[in-house]
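Residues 6 to 266 (my numbering) make up the sequence shown, in order.
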Amino acid sequence: MKKVIVIGAGIVGLAHALAAAKKGYKVEVFERSEKAVGASIRNFGMVWPVGQPVGKTYDRALRSREVWLKIAQESKMFIDPVGSVHVAYQQDELAVLQEFFEQQKDDAYKLEWVEPANADSYSQAINPEGFLGGVFSETECIVDPRQAIATIPSYLEDKFNVVFNWNTAVTEVNENAVRTKSGWYKGDHIFVCSGADFEILFPETFTQMPITKCKLQMMRTGIQPNSWRLGAALAGGLTLTHYKAFESCSSLEALKNRIKA
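Put into structure tokens, the structure is as follows:
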């Protein structure tokens, strides 16, 4: 049986481990910490197909959503398919959302226009003051990043016999082997999914890449009283400038210019 080695047990490493295991490879994962503690547990925890333009990337995002739902069902991991609402509080944001909705309402996206009068039926957290309108998409899901990253390794071990080596840093990589404190491990394919540690393993390559290291700090709230629920995931005007799904909107340039000013 051919073998795949994966360096890093964050979400990218786990995804590669799952894909390789499904194809029949023997899979071994090396993680330098006792658990993944990098970007994978610091991010939003949103499965976000709506950010991708219609075509191959959107289809891939929908397949990824199916994978998340299947893993959650089989592992009892939390997932909530609440959808999303992009909200507009400025006229330029409204213009982009209206254009996007008109372009895509009959396409692959599953969209609904959100009027101020019925906004609370999508999310009680939408501030009605100054709210001009929004677009609801039904495909987005919420996961708990910390729980997901802690749960998926056990799922891969139990279902696919993936081997995890925790507290084991890879210090050298060549074409078909990796080196750790215990010696060399051979593999037919090696995937480096180590996040910022990529710089340590391949410093020359790192300096040649258009990469900037950054950190993301999320705020976590306590449990809200009276069983209050956020509802759909919310995204503001700045989000419209981040995702390729909105790049076809001619009105996007005005929004970008305002934000830059």
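Note that beta-carbon positions come from the ideal geometry of N, C-alpha and C, so glycine has one too.
Put A22 into one of helix, strand or coil per three-state DSSP. helix
Exercise for review: Could you tell me whether the Cβ atoms of L257 and L161 are closer together than 8 Å?
Suggested key: no
Q | Straight-line gap, N181 to V17 (C-alpha atoms, nearest Å) | A | 20 Å
CA nearest to the CA of G188, picked from S199, E204 and N170: N170
Practice task
For I76, count neighbouring C-beta atoms within 10 Å of its own C-beta (all shown protein chains included) and say buried if the count is 16 or more, exposed if not.
Solution key: buried
message = Let me confirm a value: P158 is counted as buried when at least 16 other C-beta atoms fall within 10 Å, else exposed. Which label applies?
response = buried
Proximity test, R37 beta-carbon vs the ligand MN heavy atom, cut-off 7 Å = Summarising the ligand content, the structure contains no ligands, and the ligand MN is consequently not present.
Next item on the list: Tell me, please, which residues DSSP counts as bridged to Y190.
Entry: V183
From what residue to what residue does the beta strand (DSSP E) around K8 run? K8 to I12
**OP:** Below 8 Å CB to CB, which residues in the same chain sit around R47 once its five sequence neighbours on both sides are set aside?
**Re:** P150, K220, L221, Q222 and M223
Review point. Should L243 go down as buried or exposed, given a rule of 16 or more other Cβ atoms within 10 Å for buried?
Key: exposed
Since V90 contacts G135 with CB under 8 Å, what's their CB separation in whole angstroms? In fact, because the Cβ distance is near 15 Å, the residues do not count as touching under 8 Å.
Discussion item. Let's test the definition: count the other Cβ atoms within 10 Å of the Cβ of T144 and tell me whether it reaches 16, buried, or not, exposed.
Written reply: buried
Query raised in the report: What three-state label does DSSP hand N172 in the structure shown?
Result: coil
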